[in-house]
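Following: one structure in structure tokens, then a few remarks.
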Amino acid sequence: MGRFLVYRLLRTIPATWAIVSLVFLLSRTLPTDVLLGQALTDKGLGSRSITAAEREATLLRVQQRFGLAGPVFYFSRTHSNTGTVWQWNGTDNQYHRWLSNAVQGDLGQSYRSGQPVTAVLAEALRFTLPLTTSAALLATLLSVALALWLVCGGPALLLSILYGIDALPLFVVALGLLLLLANPDFISLFPAYGMGQQATKNAPGTFKSALICTIARSR
Amino acid sequence: MRRLIWGLGLYILIGLLPACNPQASSSDAVRVRWVRDPESLNPLIIPNDLANQAIGLLYQNLLTVDNQKQVWVPWLAEKLPAVQHQDSLTLLTYRLRSAARWDNGQPIVAQDVAFTLKVMNSPGLPNEAARTRFSFIQDVRLDSTDARQFTLVCRGRAPEYVHDSGDYPILPEYALDPKRELRTIPLAVLTQPAPVSLSQYPVLADFVRRYNAANLDKNPMNLPGSGPYQLTAWRSGQALTFRRKTNWWADQLSVRQPPLLAVPKQIDFQIIPDNATALLALRRGDIDLYPMVPANEFDRLRTSENGKQALRFYTADSYEMVLAGFNTSRAPLNDRLTRQALNYLFDIQALIKATQNGMAYPSVGLINPQEKALYNDSLPLLTFAPQQAEVLLRQANWARQGAGNWTRPTAGGQIQALELTITYRAGDATFETIALQLRNAAAQIGIPIQLRPTESTLLLSKLRAGDFDIYLRTLSGNPFAYDFSPILHSSSIDISNFTRFGTPASDKLIKAIVREEDPARKAQLLRKFQVMMRTESPIVVLFVYRYRLAADRRLTNLRVSGLRPGYDITTIEPLPES
Chain F
1 MGRFLVYRLL
11 RTIPATWAIV
21 SLVFLLSRTL
31 PTDVLLGQAL
41 TDKGLGSRSI
51 TAAEREATLL
61 RVQQRFGLAG
71 PVFYFSRTHS
81 NTGTVWQWNG
91 TDNQYHRWLS
101 NAVQGDLGQS
111 YRSGQPVTAV
121 LAEALRFTLP
131 LTTSAALLAT
141 LLSVALALWL
151 VCGGPALLLS
161 ILYGIDALPL
171 FVVALGLLLL
181 LANPDFISLF
191 PAYGMGQQAT
201 KNAPGTFKSA
211 LICTIARSR
Chain B
1 MRRLIWGLGL
11 YILIGLLPAC
21 NPQASSSDAV
31 RVRWVRDPES
41 LNPLIIPNDL
51 ANQAIGLLYQ
61 NLLTVDNQKQ
71 VWVPWLAEKL
81 PAVQHQDSLT
91 LLTYRLRSAA
101 RWDNGQPIVA
111 QDVAFTLKVM
121 NSPGLPNEAA
131 RTRFSFIQDV
141 RLDSTDARQF
151 TLVCRGRAPE
161 YVHDSGDYPI
171 LPEYALDPKR
181 ELRTIPLAVL
191 TQPAPVSLSQ
201 YPVLADFVRR
211 YNAANLDKNP
221 MNLPGSGPYQ
231 LTAWRSGQAL
241 TFRRKTNWWA
251 DQLSVRQPPL
261 LAVPKQIDFQ
271 IIPDNATALL
281 ALRRGDIDLY
291 PMVPANEFDR
301 LRTSENGKQA
311 LRFYTADSYE
321 MVLAGFNTSR
331 APLNDRLTRQ
341 ALNYLFDIQA
351 LIKATQNGMA
361 YPSVGLINPQ
371 EKALYNDSLP
381 LLTFAPQQAE
391 VLLRQANWAR
401 QGAGNWTRPT
411 AGGQIQALEL
421 TITYRAGDAT
431 FETIALQLRN
441 AAAQIGIPIQ
451 LRPTESTLLL
461 SKLRAGDFDI
471 YLRTLSGNPF
481 AYDFSPILHS
491 SSIDISNFTR
501 FGTPASDKLI
511 KAIVREEDPA
521 RKAQLLRKFQ
531 VMMRTESPIV
541 VLFVYRYRLA
551 ADRRLTNLRV
561 SGLRPGYDIT
571 TIEPLPES
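Respectively, the protein sequence lines represent chains F and B.
Note that UniProt numbering has the first sequence beginning at 1, numbered continuously upward.
Note that UniProt numbering has the second sequence beginning at 1, numbered continuously upward.
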């Protein structure tokens with residue numbers, strides 16, 4: 001059994017490597033202009049104009065800072081007058097740097113917030129994990145209880161209601177719950193957003209406090 | 001079974017109990033809705049409007065804009081700079097306020113400004129945008145007799161230098177360079193176009209390491225500014241809390257008025273991405289201020305009994321406009337008569353009603369009607385007139401065929417058909433309505449227009465590459481600067497002049513407007529520019545937004561304005577709750 005599990009786990013490694021490599025290479029084909037941010041785009045009117053040379057120089061500096069300058073992969077193709085030329089770039093390429101950092105647990109930095117990706121993930125998981133596990137637990141308990149009740153002769157109408165809720169798109173259910181349970185005109189039981197302002201100070205209870213609405217909305 | 005149901009009931013009860021408490025609100029806090037996280041509060045980056053607002057609480061610039069009066073005012077500087085011209089250089093002499101102090105009590109001096117400019121130009125730091133924007137500042141000359149006085153040496157001359165030269169947060173030298181090592185590197189070395197290698201300057205390399213290690217994106221308090229607030233909490237994607245400093249330097253001044261006023265003891269920015277949720281939060285009293293309320297919700301709230309009792313409603317004529325642009329570089333929109341014809345197919349009054357519930361106003365062009373001296377009111381506002389469009393199309397040599405479509409012969413003897421596409425950001429209800437209105441109006445007179453809603457990143461590259469016929473977008477203006485070269489000068493084609501418009505006459509006029517310093521002559525040129533733009537029609541301004549803001553009744557002195565964010569958070573006085 002143990003050997004089987006190890007074998008299955010090992011088999012996922014090449015697939016994972018292939019997928020993340022593909023995603024990495026695809027992400028490098030996206031335009032990097034957005035990284036320049038709004039400062040250099042043209043949302044504002046009347047701001048000082050920049051020349052094409054200034055824009056190129058700025059873009060190059062941004063790319064250098066984010067490690068996006070230089071060749072992407074071990075080899076690259078260039079077009080010249082003599083035809084297509086294949087060039088070997090050695091290990092000084094973006095993919096090699098990214099992969100060697102990734103296997104050491106460094107997933108890079110967010111372009112937007114400058115934070116390590118692992119920290120961004122950890123922060124999101126701090127809320128996602130308790131919410132999803134609580135939701136799964138609650139859903140399991142509720143479904144078992146309702147199923148037993150129905151088997152033991154619960155009202156047939158209940159089944160119709162459950163079918164009705166199941167048929168509704170999730171955002172409708174979410175909006176309905178929000179307008180029903182966080183509305184000052186109906187039942188103002190839950191916070192309308194977030195974890196409540198008190199939430200961060202007494203964390204354990206608050207996950208449950210915002211549970212239904214937040215789960216519904218996050219789905 | 002019964003036990004199971006009891007257990008389940010208990011679990012839910014435990015969950016609900018704490019939620020029954022209303023959200024805690026400190027009465028001295030002003031709670032504002034933000035639509036998203038500001039992402040980074042690094043004073044060198046300032047990635048969006050929200051970050052700009054937050055950084056304005058932590059740091060101070062030399063100059064700032066009084067949004068309500070719509071003028072530049074001194075902030076850390078004593079007054080606007082004295083201007084001198086020397087050959088091709090502009091010299092701007094500033095003097096800092098004598099009372100201005102850092103948190104540690106040290107005075108803010110000219111060396112801090114020099115330090116800031118060096119940080120803005122140093123390699124290895126996230127300062128690309130700042131460096132490009134302020135590339136006209138070449139050097140700083142410190143006054144040997146007055147530690148608070150300095151002169152910025154600027155390349156070329158432009159009236160905008162006067163305020164642009166003071167529009168960046170001043171950083172404390174003592175916090176990041178306590179040994180004052182950066183003073184050994186002249187600013188002129190860093191501002192030269194050729195990049196400076198960090199290996200040449202070990203002192204600079206050390207500094208860059210220290211700056212990056214301070215992680216200012218998320219921890220701006222590692223670099224305490226001279227602003228009135230401190231960031232006390234930042235829960236990513238949820239809320240930011242700013243607390244008023246108890247010993248802010250400007251408290252010592254005898255006359256205190258904006259921008260040296262900071263009334264709220266605490267400011268909470270609550271991040272609520274969804275509009276419906278934000279509205280609910282406002283009605284529940286979880287937030288006090290909801291800026292940029294969508295038009296429908298604003299009207300509904302304004303007419304509801306609950307809304308009238310608990311809230312106050314404000315609108316302000318903004319400088320943010322919605323416009324349509326035509327691709328002037330390719331057929332069939334490469335002649336001005338065809339573009340003029342399309343202008344008459346936008347039903348602007350109906351669009352203002354449909355998309356903004358009437359809370360927007362039309363303009364003859366890029367100059368805002370609020371600028372009475374500059375706005376060309378002799379030009380008529382565009383009207384919805386499909387018949388006029390047909391007349392213009394015929395003048396442009398188009399002929400309507402039996403099937404109702406329009407064609408014209410080209411110089412090469414081929415037949416050109418009048419078929420267009422309209423490109424805009426996908427998911428934006430306002431743009432969708434405009435595109436549909438145009439499509440229907442055009443279809444009535446036999447012009448097929450295809451809608452091309454496009455994802456925003458892709459949209460930018462398509463616009464830049466000129467891969468469109470008509471586009472829709474918003475553009476922010478302001479009452480201070482009139483440099484149209486980024487959007488309409490031929491040198492900005494492939495960068496930000498998406499319409500690819502530019503004639504020798506228009507290029508000359510745009511540059512003349514930028515250079516002109518005399519207000520009367522500038523007004524004359526701008527009026528001429530509006531006429532030229534109406535004739536050439538590379539873009540058509542559909543309407544200008546009115547900002548809408550709903551706030552708790554106990555908030556006073558919001559100083560609502562048409563410049564973003566649309567209110568002045570630091571002057572708000574919350575009345576005590578009755």
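Note that CB positions come from ideal geometry on N, CA and C, so glycine has one too.
Determine, using beta-carbon pairs with one atom in the segment 175-182 of chain B and one in the segment 144-151 of chain B, whether at least three such pairs fall under 8 Å. Segments in contact, no.
Identify, in the order they occur along the chain, each residue of the same chain with its Cβ nearer than 8 Å to the Cβ of Asn-306 of chain B, setting aside the five sequence neighbours on each side. Around Asn-306 of chain B: Arg-283.
Along the beta strand (DSSP E) that carries Phe-190 of chain F, what are the first and last residues, could you check? In the DSSP assignment, Phe-190 of chain F falls outside any beta strand (DSSP E), carrying neither H nor E.
Contacts of Met-195 of chain F in chain B (Cβ-Cβ under 8 Å): Simply Gln-238.
Proximity winner among B:Leu-142, B:Leu-80, B:Leu-92, B:Leu-125, relative to Phe-136 of chain B (alpha-carbon distances): Comparing Cα-Cα distances from Phe-136 of chain B to each of B:Leu-142, B:Leu-80, B:Leu-92, B:Leu-125, the minimum goes to B:Leu-92.
Going straight from the alpha carbon of Leu-181 of chain F to that of Asp-286 of chain B, what length do you get? Answer to the nearest angstrom: the Cα atoms are 15 Å apart.
Between the segment 514-531 of chain B and the segment 75-88 of chain F, do at least 3 Cβ pairs fall closer than 8 Å? No, the segment 514-531 of chain B is not in contact with the segment 75-88 of chain F.
Let's test the definition: count the other Cβ atoms within 10 Å of the Cβ of Ala-24 of chain B and tell me whether it reaches 16, buried, or not, exposed. Note that Ala-24 of chain B scores 47 on pLDDT, short of 50, meaning its location in the model is unreliable; the coordinates nonetheless yield the value given after this. With fewer than 16 other Cβ atoms within 10 Å, it is exposed.
Asp-494 of chain B at chain F interface by Cβ criterion, 9 Å: Flagged as an interface residue toward chain F: Asp-494 of chain B, by a C-beta distance shorter than 9 Å.
For the pair the segment 382-392 of chain B and the segment 348-357 of chain B, tell me if three or more CB-CB distances fall below 8 Å. Contact holds: three or more Cβ-Cβ distances are below 8 Å.
Taking Cβ to Cβ, would you say Ile-422 of chain B is nearer than 9 Å to Arg-439 of chain B? Taking C-beta atoms as the reference points, Ile-422 of chain B and Arg-439 of chain B count as a pair closer than 9 Å.
Between which two residues does the beta strand (DSSP E) carrying Trp-406 of chain B extend? Run containing Trp-406 of chain B: 406-409, per the beta strand (DSSP E) assignment.
Give a yes or no on whether the C-beta atoms belonging to Leu-472 of chain B and Ser-318 of chain B are separated by under 9 Å. Their beta carbons are not under 9 Å apart, which means Leu-472 of chain B does not touch Ser-318 of chain B by this criterion.
Cα-Cα separation, Val-560 of chain B to Thr-571 of chain B: Cα to Cα, the separation comes out at about 11 Å.
Under the rule that 16 or more other beta-carbon atoms within 10 Å means buried, what is Trp-17 of chain F, buried or exposed? It counts as exposed.
Spatial neighbours of Val-35 of chain B within its chain, please: CB distance less than 7 Å, with the 5 preceding and 5 following residues excluded, ordered by chain position. Cβ neighbours of Val-35 of chain B beyond the five flanking positions: Pro-273.
Let me see if you follow: with CB-CB separation under 9 Å, is Asn-183 of chain F close to chain B or not? Answer yes: the Cβ-Cβ gap between Asn-183 of chain F and chain B drops below 9 Å somewhere.
Backbone secondary structure at Ser-40 of chain B - three-state DSSP: Residue state, collapsed to three classes: coil.
Going along the segment 100-131 of chain F in order, which residues come within less than 7 Å of chain B, judged by CB to CB distance? For chain B, the residues of the segment 100-131 of chain F that bring a beta carbon within less than 7 Å of one of its beta carbons are Arg-112, Ser-113, Gly-114, Gln-115, Glu-123, in chain order.
Could you tell me which uninterrupted beta strand (DSSP E) segments, each at least 3 residues in length, are contained entirely in the segment 187-240 of chain B, listed from first to last along the chain? Fully contained in the segment 187-240 of chain B are the following beta strand (DSSP E) runs of length 3 or more, in chain order: 229-235.
Ends of the alpha helix (DSSP H) at Ile-510 of chain B? Element bounds for Ile-510 of chain B: 504-515.
How should Asp-288 of chain B be labelled, buried or exposed, when 16 other C-beta atoms within 10 angstroms of its C-beta is the threshold for buried? With 16 or more Cβ atoms within 10 Å of its Cβ, Asp-288 of chain B is classed as buried.
Does the beta-carbon of Ala-481 of chain B, which I'm using as the reference point, lie nearer than 8 Å to any heavy atom of the ligand SAM? You won't find the ligand SAM in this model; it holds no ligand whatsoever.
Where Glu-455 of chain B falls: helix, strand or coil (DSSP): Looking at Glu-455 of chain B - three-state DSSP - the assignment turns out to be coil, as it is neither helix nor strand.
Which partner residues of His-79 of chain F appear in the DSSP bridge assignment? In the DSSP assignment, the residues bridged to His-79 of chain F are F:Thr-84.
Taking buried to mean at least 16 other C-beta atoms within 10 Å of its own C-beta, is Ile-50 of chain F buried or exposed? Buried, since its Cβ has 16 or more Cβ neighbours within 10 Å.
Identify whether Gly-325 of chain B lies in helix, strand or coil by the three-state DSSP scheme. In the structure shown, Gly-325 of chain B falls within a strand segment according to DSSP collapsed to helix, strand and coil.
Three-pair Cβ contact test at 8 Å for the segment 423-439 of chain B versus the segment 451-460 of chain B: Note that the segment 423-439 of chain B touches the segment 451-460 of chain B; at least 3 beta-carbon pairs, one per stretch, sit closer than 8 Å.
Any idea what DSSP makes of Arg-141 of chain B, helix, strand or coil? The answer is strand: DSSP assigns Arg-141 of chain B an E or B state.
Within 10 angstroms of the Cβ of Cys-152 of chain F, are there 16 or more other Cβ atoms? Answer buried if so, exposed if not. Classification for Cys-152 of chain F: exposed.
Within chain F, the residues that Ile-272 of chain B reaches when beta carbons sit closer than 9 Å: In chain order, Ala-192, Tyr-193, Gly-194 make up the part of chain F whose C-beta sits under 9 Å from the C-beta of Ile-272 of chain B.
Quick one: which chain F residues come within Cβ less than 7 Å of Asn-405 of chain B? None at all; the shortest Cβ gap to chain F is about 35 Å.
Where does the unbroken alpha helix (DSSP H) through His-96 of chain F begin, and where does it stop? It spans 94-103 - the alpha helix (DSSP H) in which His-96 of chain F sits, taken as one unbroken run.
Taking a cut of 8 Å between CB atoms, which residues from the segment 164-176 of chain F lie near chain B? Answer in chain order: Leu-175.
Looking only at its chain, what residues have a beta carbon closer than 6 Å to the beta carbon of Leu-9 of chain F, apart from the 5 residues adjacent to it on each side? Nothing listed; no residue qualifies.
Reducing DSSP to helix, strand and coil, say where Asp-164 of chain B ends up. Here Asp-164 of chain B carries a helix assignment [DSSP, helix/strand/coil].
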